[in-house]
Amino acid sequence: MQFEPMISRMTFVNLLKTPIEIPVSTEMKIMTSTQSGSQELNTIVQITEILTGRLPFLEKCGSVLAVLADFTGSELVTLRELDAENATLELIASHNHLEPPAGARASIPAHAYLSAEAIENRTAFAINDYSALGTVTPGYLDGIKSALSIPIQIDGEVVGTLGFGSTSTGHYTKDIVRVVGAIAVVVGMMVAKAELQEGFEVEASLGRIVSAPLVGPDVFDRFAKEAARIVDFDRLTLNSVDMAENTFVTEFIIGNQILGFPIGVPRDIGGTVIESVIRSRAGRRVRLDRLEDLESRYPQAMPFLNDGQPYLASVPLIVSDQIIGTLGFVRGLRPFSQKELAKTELLGNLIAGAFADFKAQEFRTKAEEELEKSRTILEAEAAMGRILSSSLPINDAFKGFSVEIMKLVSCDRLAIMGVDLEKNLFAEEFLYLPGGQANGLRSGQSLDGTLIAAALASGGCVAISADDLEFKAPRFRILLQLLDDGQTEFMAVPLVSQNQTVGAMGFTRAGDKFTQEDQDRAVRIGNLISGPLASHILERARTEAETKIAKNGAVLEAEAAIGRILSSPLEGGGAYEKLSAEIANIIPLDRVVVAGIDLETQTFSNELARFLNDSGTPNFSHNGLSYAGSITSEVLKHGVGQFVNIDDPRLLAGSLPRVNAVFALGFKAIMAVPLVFDEKIIGTMILLSKDERGYTAEDIATGDRIGRILAGALARFTLTAERDRFQIALSESEARFREIANSIRGVFWLMELTPLRMVYASPNFEDLWDIPIDQVYEDMEQWHATIHPEDLAKHKRLREQAFVSGELDVEYRVIKRDGTVRWIRCLAFPIKDEEGKLVRISGISEDITEKKQELDRFTEAGRLLSIGELASGVAHEINNPLASIKLYSEALMGQDLPDSAVSDLRIISEQGNRAAAIVRNLLQFARKSYQEISAVSATHFVERCIDLKRHDFRINNISITSDVVLQSPDITVDEHLMTQVLLNILNNAEQACMDGRGSGSISVGVGETKNLIKISVTDDGPGISAENLPKIFDPFFTTKEVGSGTGLGLSVSHGIIAQLGGNLWAESDGETGATFHIEIPKAPAGKAPAPHVEEPAAVGPPEAASAGEDQAEKVGTTAPLRVLIVDDEPAIREIMSRVLGRRGHQVDQASDGEEAWLRLQENRFDCILLDVRMAGTGGQELFERINALDPSLARSVIFLTGDLARVHTHSFLGSLDNLVIEKPITIESIDLALAKVSSGLTGI
């Protein structure tokens, strides 16, 4: 059904301007036809009061409908406007009490059954039972059982409807329909008038708003509030339009902002409702719920549909026939009607002027801001120009320049970097603020992973934010490191001059993103500094080229000088200093080291350094020392030169300990280059510097050039030196061979087997065999002419075997022409050809006569040593029973016994003394004498020894003379031992003279050779027979009668002299006299301390006894002491306890060290008599325990020993100040020792 407007808008407006008058007849009819006329009248009064009140129009409508709902008892009442253009009834207001609320749809078709009947018939139409119609309607589905539709007419034209709905059937009776129809006429007129009145008020209010002198956002907020009184909307937009750019900007939006619908951002008009409004220059209504409209015509309107607002109305804003913008309305409940569109056009006309003033004011403000910005930019650019045109260095200029840059582009960090696109590196750092380098930006750093790389690739400014999706892409990995410093916004600009990229600028900050304006300014700044930067780089390149040329010239000059140095004899001296000076001209250094290497042993060698005579160089390359952990090891590992500066991380890691050792000496840098010859590294040249700047790759390159020159020269000199050394060695070898062959006591000889002949024999061949060498050269058999007949057969047999094996080791005798017999030893060695065939035999033959004699003497000395060891053991074992015999016999003699018993005991004691003397001689023979070396006057020494025998010599009618011939008057000897030796020999000489003719003469001579002192004693006795001469130094060998001697004197003397490093021998023709010779070194070995041995006073010569008695008298009577006797011999312990007990001492005993230690824990002792050698815990161990526990008691220990011959015993006792009593023990020696201990305790 198509509806046409029944009255014009103007007619409708004029009608509404007249007062509403209700005919009396009508009013009366209502009141007379209804039982509750007062209720109907009250309803009319309420509606009148509402519509003439101050509420907004739509609220008035809602309130009126509420009154009608109450009056009719309806759950749903609607007021709809007829849209004839779209044949729809659009909802103006409703009152809905349905449960749940329903039925008040925003728009319904005008041809719907109920409404169509009411409009077409221009009368009220009711349905009191939907189900009876047999059809399903929207109202029935919402629970409506009865419905009423009343057309609203003005001047006979239908302009809308009043709709009523009830959930009960038969609700709308004829009376209700009749009364409500009458009220509807009044309501329609009053509603129309109220709407128009509100329109007038809104128009007046808007006029006042938009005519304000200052137009701003508050004006548009007030405008939106007034517009809402006449047009229902959810959002209102005010958009500016740039027809030239075909763009629009949403300047204001009233209501919640829509996601994806930005404010203040220029956008393309295409695909928007605005585009159709501008083209038609008229308002447009759009329903976005029609997909064809959304997808094909208005794709940019998707945000509204997503927000649940598919209905739009938009009108143009026209000023002076120019479209300056659009006014848009958006809502979600219902479409906009034509009537509402007319209202929006009215609102557009009202706001257009104010909006134009706002845009003009905004333009002026922006123009002023732009002018101010331009002024700031121009001032900053002028300041930059002045800075760049100054004479400041580029880096200093950029520092001042940065202040101006930051005025134009706000940033936290600013970097200006040179770049090398070929190497993809940052070439140079010109500026970095606020100081210090950010992660990933430094000279020599790769461009990869930086924003600058992206800017260089794009050729323009690039900005990125930390919240951008591509920020975490691998190509920006360096930016991620800056997040740790709080930076979130990044921008980079390439610096291009004359189509050449010379560098880049980088900006970072935390906070606001870099805007397009920031980027434009950055580009302007880049254009400003690109030229000066390019000029600087060009000038630097030129300067570097000149410097490089100059340095290359210096390097060439240095290489030439080094070549001249190395072409001269290196071993002449001064080469090292000259080489160092030339290298220092081109590479900074404080020291040069040339280190040879041995790759097989991985050690340093001084083979190369010796050519340079670098004696002043610290020895960083010790010969034979491993080069592991040194810079040389790094050179060998990589095959190229290496440098290590003091900040190298490898030093902290400890991987180069030898380099750390070098730096500990004050050096700051070290570099090394390989010395390569014939594709083999033969060493390294090492440079050391104390300069903080360290070494660079350029220094390594220069060092390599020098290293190649040096390696060739050193290799050449090495080869030459090797050749010279070989030639010299060969000459020296030949000379040595001839010298050895001519000087050795033996004879070197070389024979050829086929034919058998002598090839060579050293000149002393004749001395050895007493045969002319020429005879042997002519006939090899002549060689054997002098071999002893007894040895000839054996020699020939062994020689035949040597012809097969080439080896020979034989000893034989030869008989010389003077009849003497000499022993010869021959050693032969095979000489084979390349095939292993024996072709020659070489050999050495020597006279071993003296060696064999010496060997015999050594054999004899060994035999004597064995006898001495046996004597020592025998003496030690005899000492203990001797001690018991002595002590017991002496103890018995002190008792009151018959004279005959005393006489017998005296004989026992004397024989014990004799046995003790024999034992002492045995020990003297066995023990190693402990030397006490001192300087002694030779003359006085000899005279003292003679004086000791002078009385005997005088009695026996023997004359004695002496002769001392020395450069120095003193000799260095052990006077005690030498006195014993000389007295023994003098005793032998005296006995020889007495045995001969009862008298005689003896002479003593002292002389010297280069290293020896020689003492000779000669007598004129009967001499020594050849048979006895080899035996005279054997122990117990004697030619004297029994009882006249022990046969140990000469044996003991021989042992003493041997210990002094000398020799003792005798010469005699067996007929008249004999001479004993003593040879000792001028400076014998040092001395060993001797223990303090208490000799028994009764033993020995009368002088000793008297001395003992005198000493005893001096000591006086011993105070009673508490004594502990420790000895493993029970007999000795018993007799010593008995004797000491008789002298008033308190005595305790212990059989070994452990038992003694227990006694010491239980009692306090004044003195301990301690045997050194015992089974179990010995005397030494016990003494050490005592000394640790009580040092004062340890000083009162008296040692007992019969074993001073043992080195260990002698060494131990010699290191102490304690008294020692040597076994066999005498009572007097015990008394004397205890007296000394007692005097020490009492302080006497």
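Take the sequence shown: its position 773, counting from 1, is numbered 961 in the working numbering, and each next residue is one higher. Beta carbons: idealized from backbone N, C-alpha and C, even for Gly.
Measuring CA to CA, which of the options is closest to residue i?
i: Ile1386; options: Ala1363, Glu1410, Thr1365, Ala1376; result: Glu1410
i: Gly1332; options: Gln1349, Gly1341, Pro1308; result: Pro1308
i: Phe678; options: Arg665, Val690, Val650; result: Val650
i: Ile1073; options: Ala1089, Asn1101, Ala733; result: Asn1101
i: Val346; options: Leu863, Thr703, Glu269; result: Glu269
i: Pro776; options: Gly1024, Ile874, Phe411, Ser428; result: Ile874
i: Glu1038; options: Val419, Phe659, Val1027, Trp1011; result: Trp1011
Would DSSP call residue i helix, strand or coil?
i: Phe524; result: coil
i: Gln223; result: A caution first: Gln223 carries a pLDDT of 43, below 50, which makes its placement in the model too unreliable to give a value.
i: Val1327; result: helix
i: Ser175; result: The first residue shown for the chain is 189 and the last is 1432, placing residue 175 beyond what the model contains.
i: Ile442; result: strand
i: Phe1371; result: helix
i: Glu263; result: coil
i: Ile1134; result: helix
i: Pro339; result: strand
Please report the straight-line C-alpha distance between residue i and residue j, rounded to a whole angstrom.
i: Gly817; j: Arg779; result: 20 Å
i: Glu1297; j: Ala1423; result: For Glu1297, the predicted model reports a pLDDT of 40, less than 50, meaning its position is unreliable and no value from the coordinates is stated.
i: Glu1372; j: Gly1188; result: 57 Å
i: Ile1415; j: Gln1041; result: 50 Å
i: Leu863; j: Glu822; result: 14 Å
i: Thr1226; j: Ser1147; result: 24 Å
i: Ala544; j: Glu414; result: 19 Å
i: Ala917; j: Ser793; result: 21 Å
i: Tyr1000; j: Lys984; result: 11 Å
i: Val1194; j: Asn1067; result: 39 Å
i: Leu246; j: Leu521; result: 15 Å
i: Phe440; j: Gly699; result: 26 Å
Taking the continuous beta strand (DSSP E) assigned at residue i, which residues delimit it?
i: Tyr764; result: Careful: Tyr764 lies outside any beta strand (DSSP E), inside the alpha helix (DSSP H) at 763-772.
i: Asn284; result: 276-284
i: Val419; result: It is not in any beta strand (DSSP E) - Val419 carries neither H nor E in the DSSP assignment.
i: Lys1020; result: 1009-1020
i: Ala783; result: 779-786
i: Gln178; result: In the structure displayed, the chain extends from 189 to 1432; residue 178 sits before or after that span and is not available.
i: His983; result: Run containing His983: none in the beta strand (DSSP E); it sits in the alpha helix (DSSP H), 977-993.
i: His826; result: Note, His826: premise wrong, no beta strand (DSSP E); alpha helix (DSSP H) at 819-826.
Considering just the uninterrupted stretch of the alpha helix (DSSP H) at residue i, what are its terminal residues?
i: Gln510; result: Taken as a continuous stretch (DSSP letters only), Gln510 belongs to no alpha helix (DSSP H), being part of the beta strand (DSSP E) at 510-519.
i: Lys333; result: Neither: Lys333 is in no alpha helix (DSSP H) and is coded neither H nor E.
i: Met693; result: Element bounds for Met693: not the alpha helix (DSSP H) but the beta strand (DSSP E), 688-697.
i: Gln1247; result: 1237-1247
i: Lys413; result: 405-415
i: Ile713; result: 704-755
i: Ala643; result: 639-646
i: Ile1173; result: 1163-1185
i: Val847; result: 845-851
Please tell me whether residue i and residue j are closer than 7 Å, where the distance is taken between their beta carbons.
i: Gly1261; j: Gly1209; result: yes
i: Gly471; j: Glu533; result: yes
i: Ile135; j: Leu1407; result: The structure shown does not extend to residue 135, since the chain is modelled only from 189 through 1432, so no value can be given for it.
i: Leu426; j: Val461; result: no
i: Ala742; j: Ile774; result: yes
i: Gly691; j: Met594; result: no
i: Val861; j: Gly895; result: yes
i: Ile1244; j: Val1169; result: yes
i: Ala335; j: Gly353; result: yes
i: Ser525; j: Glu278; result: yes
i: Ser262; j: Leu302; result: no
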